[in-house]
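Offset between the sequence shown (1-based) and this note's numbering: plus 573.
Even for Gly, the Cβ is constructed at its ideal location relative to N, Cα and C.
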Amino acid sequence: MHKTFSLTDRFLFVLTSYLPFLIFLWVFQMLNGVVLCTTFIATLLFLFLQTTKLKKWVIPIYGALIMLLLLSLIINFRDTINAIYNQITSVYAHSSNYTFQVYEVTLSQQELPFLFSRVWIALYLMIMLLEYLFVIRWKRHFPAFAISFLLYFPTMLYSVKQPWLFTCLLLMDWFSLLFLSYIRRHSTRSWHYGKLFGYVLLCFSLIFGTLFILLPEKEYEVSSTSSHMRQKLLQTIEQFTYNLRYGSESIGEIDLGRAGNRSYTGAIQMELTYPKASRLYLKTYSGAIYDGHTWKSLAHKQYRQYPNIDWTTIRFWMNQAALPKDIHANLLMIKDMRANTQYAIVPYYLKHINQDMNIYYDGYAAWSNSTKDAVTYEIWDDEQKILHVPQGTSYKEYVDFIKEQYLQLPKDIKEKFNTVEDLQDNFHRFASTEEIIDYVKGYLYAHTRYTLYPGSPDLSKDFVSYFLWENQEGYCVHYASSAVLLLRYYGVPTRYVEGYRVDSNAYDHEGHAQVKDSDAHAWVEIFDETYGWMPVEVTPAADNDSTIQKSEQPLTQTTPSEITPGLENKEEPKPIQQPTQHLMEENGTTTTSASSSLPSFLLPVLVVLILPLFIYAQASLRRKYRRKQLGSMKQRQKLLTLYGWLEDLFPYGAKIDQETLQLVEKARFSQHEITKEDVQQLQSQWQTQRAHVLTTLSWQKKLRFWIWDAL
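Below is the structure:
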């Protein structure tokens, strides 16, 4: 072992052996004093014995100890495997929404700590011996990195909590190993680099340790954008993969297969000004037909069966615009900043419809000039005072249309509802529509759990059935879809709606508010013959005791009585408790305007990732092209081309001997034949000089050498 490098080797050996092992046991809650003290003493003793005359016996002695520990586990081998699996998956289950099978362990709770101690001590001794061989004896740093990474990898799954001080130190250790692995293969000055890098690593370790002691984790908070970056990236990859397999959404439909895990970046979707500063539901799309996997708009032919209906008027499209009494209209100005604007954003209780808006019957609206960045609406000040005005023949025809189209249920869903005891058709026991709504919401809250991480839907099964009776976890898309079918089952005309929900606390003192991607939402609309289509909230509120930021809380619910006049206020069923780490903004939706476009934060990330690959690829392709051209040349031309390559190395310190120079002059000025051996001689000279130059260049010049000059 090289003396000037021994300190760095030993330091790396201790960190590489101990840190991933310590993190693993800490994360999976199996770290105890016996294991901690025993492994630490074993490490120090191992290093001490390496400096004595007994060093040749150290590895055999430690190997024998490992064998004894492993032999002691044979009797309880099955219990050992089952107990470790149960412990690890219990941590995963606590940090996620997944459920893992628990295997039987015959040992008592008092025996398990002793069992775990033997397992982890044996494992650590094996890791320590391997790291010693790779780091100190064989100087093979990459395998040392691979071993420590394999032990650390399980702690990266399911977003389990990490000991960040040790994790940062481990990352620096890995960087050191990879750096040393590289310079040993490419540099003749690796000893000096290694010694210097060992001191740098030691200094950084001390600095990080001091910072984490002075500023413990409770003293700082990771920004919401950073904390959800990983989830958002995984979600984007999942959506991209889904698009490749099943294509993108068509206009007029919502693909429920996209309703997987939800996370948000805080990207602003719109800015609005509303002096009243009250809660708003901003509608973008409503779906009428459910086929088990998508929500779709009705077809043209279904609307054309009712020629007397004027679909461009509010009463046939959203909510009733009856004549108001003693109230005025407020102005709502919306600046649309969405990436995808195929659906217009429209509030409820409109005084009139904008003339630039194209209405697709009663399904959705779009702007005639493709994109309308800013628009002003007039909204009735108090929807509670809107009066009912007797309707004519066309409105009665629309009511008939509603009853025909918005009570439809898939046959298999209706049969399933009929077999569920709590859902069997008992409409006669409900005195009003509001009682039906409360019953449906109570059923949903009692049998499902709200989460933004329900996993991907099972595409082989009906979306609502899978949510209600198998997975039983979801967010607004799941609750709204299920509520529509349940309300239709009880005879309430209902449709599925997506858009944005703005809470009253989102406004500043001047009535300005920013609507973010996390405000995207799904709800249901019920049809009332007096008031038209009215929004009803069916997604459970989040736990008010959540420790996450207030802006990430699901909003409180709007009961029908808050929207529809004359409905009695009723107490909401209490939702099932959620793990606090998963209580984010509820408003996750699959609306095209919110999810199918590229998230704004991903553009710089993709540039950062792709640009280096592009730079490297262009240099690699240039080198490959030159060598391909060389292969098609005649011998004389080959030799002169190789000499040109050699000349490119001169600015970097390359030299040429007299024999090579004579060979080049022979090719230039003589008629003598240039042989294959002559070309191979010059090619060998070029390769030798290139390798020599690389060992002498600084990293800045190496970048120019590889990337700019493509040598």
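- Pairing Ala1095 with Val1088 gives a Cβ-Cβ distance that is not under 9 Å.
- When C-alpha distances from Gln682 are compared across Phe718, Thr653, Gln1262, the shortest belongs to Thr653.
- Here the C-alpha atom of Gln915 lies approximately 47 Å from the C-alpha atom of Phe748.
- By the neighbour-count definition (other C-beta atoms within 10 Å, threshold 16), Arg651 is an exposed residue.
- One Cα belongs to Leu595, the other to Ser721, and the distance between them is close to 11 Å.
- Exposure of Ile634 is indicated by the presence of fewer than 16 other C-beta atoms within 10 angstroms of its C-beta.
- Assigned with DSSP and collapsed to three states, Gly1217 falls in helix.
- Between the C-alpha atoms of Gly830 and Tyr1052 there is a straight-line separation of about 15 Å.
- Residue Asp828 holds the alpha-carbon nearest to the alpha-carbon of Asp1031 among Trp693, Glu1098, Asp828.
- In the three-state reduction of the DSSP assignment, Ser859 falls in the strand class.
- Rounded to whole angstroms, the gap between the alpha carbons of Tyr1198 and His714 is 34 Å.
- Collapsing the DSSP output to three states places Glu1102 in coil.
- Of the candidates Ile700, Leu738, Phe718, Phe718 places its Cα closest to the Cα of Phe752.
- Between Ser663 and Ser732, the alpha-carbon positions lie close to 13 Å from each other.
- Nearest Cα to Ser1033 within the set Thr1024, Glu1043, Thr625, Tyr1026: Glu1043.
- Taking C-alpha positions only, Ile952 is separated from Thr740 by approximately 55 Å.
- Residue state for Arg1195 is assigned as helix, using DSSP reduced to three classes.
- When Cβ pairs closer than 8 Å are counted between the two stretches, the segment 862 to 869 is seen not to touch the segment 1102 to 1116, the count staying below three.
- Taking C-beta atoms as the reference points, Leu1284 and Leu1203 fail to come closer than 9 Å.
- In terms of CA proximity to Phe1100, Ala861 leads the group Leu904, Phe990, Ala861, Leu996.
- Of Ile1229, Arg1061, Phe1242, Ala1240, the smallest CA-CA separation from Ser1257 is found for Ile1229.
- As summarised for the segment 1038 to 1069, there are no continuous beta strand (DSSP E) elements at least 3 residues long confined to that stretch.
- Between Val1075 and Ala1086, the C-beta spacing is below 9 Å.
- DSSP places Gln1087 in no alpha helix (DSSP H) but in the uninterrupted beta strand (DSSP E) bounded by 1085 to 1089.
- If you draw a 10 Å sphere on the C-beta of Lys1249, you find fewer than 16 other C-beta atoms in it, and that means exposed.
- As a beta-bridge residue in DSSP terms, Thr846 pairs with Met906, His1085.
- Per DSSP, Asp1011 is not a residue of any beta strand (DSSP E); the alpha helix (DSSP H) it occupies stretches across 1006 to 1020.
- Pairing Tyr854 with Met906 gives a Cβ-Cβ distance that is not under 9 Å.
- Assignment of Leu646 by DSSP, reduced to helix, strand and coil, places it in the coil class.
- A Cβ-Cβ distance of about 15 Å is found for the pair Arg1068 and Glu1102, leaving them out of contact under the 8 Å criterion.
- According to the DSSP assignment, Val948 belongs to the beta strand (DSSP E) that extends over 947 to 953.
- In terms of CA proximity to Asp582, Trp711 leads the group Ala656, Ile700, Trp711, Leu592.
- By alpha-carbon distance to Thr1112, the top candidate from Phe1036, Arg1196, Ile882, Leu1025 is Leu1025.
- Asn881 counts as exposed, since fewer than 16 other C-beta atoms from the protein chains shown sit within 10 angstroms of its C-beta.
- Bounds of the beta strand (DSSP E) holding Lys869 are 867 to 869.
- Glu1046 has its alpha-carbon roughly 22 Å from the corresponding atom of Ile1009.
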